[in-house]
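The sequence shown lines up with residues -2 to 294 when you count with our numbering.
Yeah, the Cβ is synthetic: ideal placement off N, Cα and C, and Gly gets one too.
Just so it is clear, the structure is predicted and the values come from calculations on it, not from any experiment.
Step one of this worksheet: look at the structure below.
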Amino acid sequence: MGAPRIAVAVVTMGNRPDEVDALLRSVAKQDIAPARIVIVGNGCRLPEFAERLCLPGEVTTLDVEENLGCPGGRNVALARLRDFDDVDVVVELDDDGLLVDADVLRRVQELYAADDRLGIVGFRIADESGETQQRHVPRVGASAPMRGGQVTGFLGGGHAFRMAMLAETGDWPAEFFFAHEEIDLAWRAADRGWRILYAPELLLQHPRTSPARHAIYYRVNARNRVWLARRRLPLALIPVHLGVWTALTLLRIRSSSGLRAWFGGFVEGLREPAGERRPMRWRTVWHLTRLGRPPVI
-2 MGAPRIAVAV
8 VTMGNRPDEV
18 DALLRSVAKQ
28 DIAPARIVIV
38 GNGCRLPEFA
48 ERLCLPGEVT
58 TLDVEENLGC
68 PGGRNVALAR
78 LRDFDDVDVV
88 VELDDDGLLV
98 DADVLRRVQE
108 LYAADDRLGI
118 VGFRIADESG
128 ETQQRHVPRV
138 GASAPMRGGQ
148 VTGFLGGGHA
158 FRMAMLAETG
168 DWPAEFFFAH
178 EEIDLAWRAA
188 DRGWRILYAP
198 ELLLQHPRTS
208 PARHAIYYRV
218 NARNRVWLAR
228 RRLPLALIPV
238 HLGVWTALTL
248 LRIRSSSGLR
258 AWFGGFVEGL
268 REPAGERRPM
278 RWRTVWHLTR
288 LGRPPVI
């Protein structure tokens, strides 16, 4: 196939104006220009970016009155790109990230041009000192962050999707709001036969953070874990998956308030509707297991 047309999508709540400006300047410095840039104000009004930052391509800003969460905000950008119907790949970037290298979009374009079943490309996330946290490496165990290859998941902070894949799998699970939405989408992609590639040469610089910095972390982490299992796993694997993650939670969370919030979210996940149930095939379970991450870990 020819060179795919690239779009860049950024979602922001308006509380990081300097970081968003820096990110967009790093997009403008890429050695190939994106065909489109879509910026979503998630519960905020956005300033004008295109002329002030000399952004390339067609720039679209969208203000959303309500904060829809990260997956919901990204779905707004994807819907607008689908309306335009003139891009093949979308690169989604956290609003406090930074593209250090000028060839990231070109490398993404080359990867997709070389493999028509490549659905998702995950970037390497590293802080200002160049260190990648272990939780940002999409493999089980103490994996080397510079080892790329086919994997079972990707990082929400920096990644690329083929639009044709999203037409088959559907978009982000907006109801998750925050936590585990990447796993839900990755499992759907794998079940449809799309490849997921971790490409550590594609670097997104991102401040070192902990997911527990969000006040809702423990509750939605547990709720979404239950929803994920209910939506995507064969019935026989649901209790195994949830049992493993309950045991890990008891080992990891030291605070009683954190545990109370987690178990409250767990019960919420059992009681509340989880959305459409579309369990993966056993063939997909085996495929994920062969890649090193069976869907119970």
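Taking the CB atoms as reference points, tell me whether Leu78 and Val87 lie closer together than 7 Å.
Cβ atoms of Leu78 and Val87: closer than 7 Å.
Counting Cβ pairs closer than 8 Å, one from the region 24 to 36 and one from the region 120 to 130, do we hit at least three?
Touching, no, given that fewer than three Cβ pairs across the two stretches are closer than 8 Å.
Alpha-carbon to alpha-carbon, Ala233 and Pro276
Each residue's Cα considered, the two are about 11 Å apart.
With which residues is Gln202 paired in a DSSP beta bridge?
Beta-bridge pairing links Gln202 to Leu95, Ala123.
Please list the segments of the alpha helix (DSSP H) lying wholly inside the region 195 to 269, counting only runs of 4 or more residues, in order along the chain.
Segments of the alpha helix (DSSP H) lying fully in the region 195 to 269: 214 to 229, 235 to 249, 253 to 268.
If contacts are defined as beta-carbon pairs under 8 Å, then Gly153 and Glu179 qualify, I think. What distance do you get, rounded to the angstrom?
A Cβ-Cβ distance of about 5 Å is found for the pair Gly153 and Glu179, placing them in contact under the 8 Å criterion.
Which residues in the same chain have their Cβ closer than 7 Å to the Cβ of Glu16, if we skip the five residues on either side of it in sequence?
Cβ neighbours of Glu16 beyond the five flanking positions: Asp92, Asp93.
Using DSSP with H/G/I as helix, E/B as strand and the rest coil, what is Phe174?
Of the three classes helix, strand and coil, the one that applies to Phe174 here is coil, per DSSP.
Look at the alpha carbon of Asn218 and the alpha carbon of Tyr195, and state the distance between them as a whole number of angstroms.
Each residue's Cα considered, the two are about 24 Å apart.
Neighbour-count burial assignment, Cys51, 16 or more Cβ in a 10 Å radius:
Exposed.
Member of Ile213, Leu163, Phe175 whose CA lies at the smallest distance from the CA of Trp191:
Per the Cα distances, Leu163.
Alpha carbon of Ala271 to alpha carbon of Leu288, nearest angstrom
Taking C-alpha positions only, Ala271 is separated from Leu288 by approximately 27 Å.
Ranges of the alpha helix (DSSP H) found wholly within the region 13 to 50, counting only runs of at least 4
14 to 25, 47 to 50, all fully within the region 13 to 50.
Val8 and Gly70 - do their beta-carbons sit closer together than 7 Å?
A distance below 7 Å separates the beta carbons of Gly70 and Val8.
What I want to know is whether the C-beta of Val56 ends up closer than 6 Å to one or more non-hydrogen atoms of the ligand NAP.
Because no ligand of any kind appears in the structure shown, any question about the ligand NAP cannot be addressed here.
Along the chain, where does the beta strand (DSSP E) containing Asp83 start, and where does it finish?
Per DSSP, Asp83 belongs to no beta strand (DSSP E) and is neither H nor E.
With H, G and I counted as helix, E and B as strand and the rest as coil, what does DSSP make of Gly154?
Gly154 falls in the coil class under three-state DSSP.
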